[in-house]
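Report on one structure; see the data block that follows.
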């Protein structure tokens, strides 16, 4: 039975990547691309695009785009960080785990105007648990300018 | 000189509405419409749309869309709430004020999955000042189900 | 066996009250008193006292006192709100539940200086669940002046 | 006139230290001591004490104490970080600046139970400005165990 199929760590990471990058229309709309993804790290990129502009005179990223990218970076990292702690690696249990993943709360600190051509989001887990995980995220532009910090609390397992 | 043109309260509200609804591409992309706007209240609506979906199986609004709409509701209300306190009503001073408006930090509490056909964001000012204003926001669906709370701190004037 | 003793709702509320008000030294130090407590409401009071002052010239409550009182109001309400959902009312299970209660994150919005003789904290549950609950809290002084808002995310059960 | 007395950077740091450590009764109650303080860094310590306990069985620091210490670390750093940007170094202007300092909002992420004998709070400025500054804070125990993160938004100048 396919539900009892065992998944490797990489298969699970690929599964999550596919889910977030190819099956979530809003992430595609923002043009998110994943450039690094392990059970302890993540790097997401988006390119500046006219439709992502919040302020036409200043040509800066909309704060909602920043929030979206940081939330996805935190959520994907939480999903990946849970993998080494999973007792079962069947596809069924893994999918069940993923279904319960959700953002409880998100804080974004906007440090500087979102100028740039390409933006990179990274995340780190600061609290992990079998019910709740907390991450901190950062958004930088292609020159390394730090644009925003995020803090996210996620429901897991 | 046009810069010294005096604006009425309604002209200023219309100006802000035009800026947020017609000149910010990302707000247009999300399909935001303003259905109430005074110096003490705001109501923004968006319709569910395939491109705004965060989870294709559950067909719910992406958390980043929620954050975006709440941030805009808070920011627009802060801009409107500053009008009665303005010493000068010239277009020049008003535009200068608007330029300095920015989100310092935003917290979103996701209460329930974002199911629905139409979503309504409202906001109230909980702290006003000549440097910083704080608002609380809410997102409900068309059945009155409460989907998210927001808290935003904004730089003003 | 005492561990299998059944507790009534009121006995559980009394148990939580005793734990927070009489067995937590820091709550006693702040002089917290509970003036209303049900499974859906809470009211905590503290009196202004020289030792709680944060600013000697302005004679206002220290922001840390505000955070403390709001956190306790939220945490106690979360503990009470879980009672009607408990499958078992044995003392043992109830105590086990209480032990896992903890604050995950807390946001305080300071609205006005903490002037006053007596301060009242109230709370409401905005998200309840079997793993995580979220509350919003308010602090007012004896004249009804609104001093602070809080938002707390708590681990439960 | 004393109000026009010029203060050196070190005199200003000493002035702020005296204000926070000796003139704020609640900080003294918590036993705060400052062990490092420059215009770009701060280290505050408190010792565990029975009266600071939040949970008598687990003997851990009350979450309100954590919030208090992090808020003070952030606020003091913001006050110090403003010094190099001050146009005037008269005592009068410096005192006026200090008076307008206040916490707008504070988020605390509680990562682990507050076990320990001695706790150290540190802070860094992540956004500085002439109206608002944002800091991130951390609390560790004497073994380097990371107990809490904080994020604070402060009104300045």
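Chains as they are written, first to last, in this note's numbering: chain A, 1 to 157; chain B, 1001 to 1157; chain C, 2001 to 2157; chain D, 3001 to 3157.
We put the beta carbon where it would ideally sit given N, CA and C, even for glycine.
Name, please, each residue of chain B whose Cβ falls closer than 8 Å to the Cβ of residue i.
| i | result |
| --- | --- |
| residue 2111 of chain C | 1126, 1127, 1134 |
What does residue i touch in chain F if you count any residue whose Cβ is under 7 Å from its own?
| i | result |
| --- | --- |
| residue 58 of chain A | Here chain F cannot be found, since the structure's protein chains are A, B, C and D. |
Going along chain A in order, which residues have a C-beta closer than 8 Å to the C-beta of residue i?
| i | result |
| --- | --- |
| residue 3120 of chain D | Residues of chain A passing the Cβ test: none, with the nearest at roughly 17 Å. |
Measuring straight from C-alpha to C-alpha, what distance separates residue i and residue j?
| i | j | result |
| --- | --- | --- |
| residue 3113 of chain D | residue 2132 of chain C | 17 Å |
| residue 3122 of chain D | residue 1028 of chain B | 43 Å |
| residue 156 of chain A | residue 134 of chain A | 10 Å |
| residue 2009 of chain C | residue 64 of chain A | 44 Å |
| residue 102 of chain A | residue 72 of chain A | 10 Å |
| residue 3098 of chain D | residue 3017 of chain D | 12 Å |
| residue 100 of chain A | residue 1060 of chain B | 14 Å |
| residue 5 of chain A | residue 42 of chain A | 26 Å |
| residue 2141 of chain C | residue 2032 of chain C | 14 Å |
| residue 3050 of chain D | residue 2030 of chain C | 14 Å |
| residue 3109 of chain D | residue 109 of chain A | 14 Å |
| residue 2007 of chain C | residue 7 of chain A | 46 Å |
Would residue i and residue j qualify as a contact pair, given that the criterion is a beta-carbon distance under 7 Å?
| i | j | result |
| --- | --- | --- |
| residue 1062 of chain B | residue 1070 of chain B | no |
| residue 3081 of chain D | residue 2067 of chain C | no |
| residue 3104 of chain D | residue 1153 of chain B | yes |
| residue 2150 of chain C | residue 2137 of chain C | yes |
| residue 3054 of chain D | residue 2020 of chain C | no |
| residue 3107 of chain D | residue 2058 of chain C | no |
| residue 3111 of chain D | residue 126 of chain A | yes |
| residue 1023 of chain B | residue 56 of chain A | yes |
Give the DSSP bridge partners of residue i, in chain order.
| i | result |
| --- | --- |
| residue 1046 of chain B | B:1119 |
| residue 1033 of chain B | B:1045 |
| residue 69 of chain A | None; residue 69 of chain A has no bridge partner. |
| residue 3078 of chain D | Answer by DSSP bridge pairing: none, since residue 3078 of chain D is not bridged. |
| residue 1124 of chain B | B:1136 |
| residue 2159 of chain C | No information on residue 2159 of chain C is available, as it lies outside the stretch 2001 to 2157 that chain C covers here. |
| residue 2107 of chain C | C:2151, D:3107 |
| residue 3023 of chain D | DSSP, once it has assigned bridges, lists no residue as partnering residue 3023 of chain D. |
| residue 83 of chain A | Answer is none; residue 83 of chain A lacks a bridge partner. |
| residue 3102 of chain D | D:3155 |
| residue 3060 of chain D | D:3055 |
| residue 1006 of chain B | B:1090 |
Which residues in chain C sit within 9 Å of residue i, going by Cβ to Cβ distance?
| i | result |
| --- | --- |
| residue 3033 of chain D | Correct list: empty, because the minimum Cβ distance to chain C is about 16 Å. |
| residue 3093 of chain D | Simply none; closest approach about 17 Å. |
Using a Cβ cut-off of 9 Å, pull out every chain B residue sitting near residue i, in sequence order please.
| i | result |
| --- | --- |
| residue 2151 of chain C | 1107, 1109, 1149, 1151 |
Taking C-beta pairs closer than 7 Å, name the residues in chain B that residue i reaches, listed in chain order.
| i | result |
| --- | --- |
| residue 103 of chain A | 1063, 1110 |
Residues of chain D with CB under 9 Å from residue i, in chain order?
| i | result |
| --- | --- |
| residue 1155 of chain B | 3129, 3131, 3132 |
List, in order along the chain, the chain C residues whose C-beta lies closer than 7 Å to that of residue i?
| i | result |
| --- | --- |
| residue 3050 of chain D | 2025 |
Using a C-beta to C-beta distance shorter than 7 Å, which residues of chain A count as neighbours of residue i?
| i | result |
| --- | --- |
| residue 1029 of chain B | 51 |
| residue 1055 of chain B | 24 |
Using a cut-off of 8 Å between C-beta atoms, extract the partners of residue i located in chain C.
| i | result |
| --- | --- |
| residue 3068 of chain D | 2062, 2063, 2064, 2065, 2067, 2068 |
Residue i versus chain D: which residues are under 8 Å apart at the beta carbon?
| i | result |
| --- | --- |
| residue 2071 of chain C | 3063, 3064, 3067 |
_Using 8 Å as the cut-off, can you tell me whether the segment 1035-1053 of chain B makes contact with the segment 1065-1080 of chain B, which would need three or more C-beta pairs spanning the two stretches below that distance?_
yes
_the segment 3083-3100 of chain D in contact with the segment 2079-2090 of chain C per 3-pair CB rule at 8 Å_ = no
*Would you say the segment 113-124 of chain A touches the segment 46-59 of chain A, given that touching needs at least three Cβ pairs under 8 Å?*
yes
*How do the segment 2010-2018 of chain C and the segment 2128-2148 of chain C stand: do at least 3 beta-carbon pairs fall below 8 Å, yes or no?*
no
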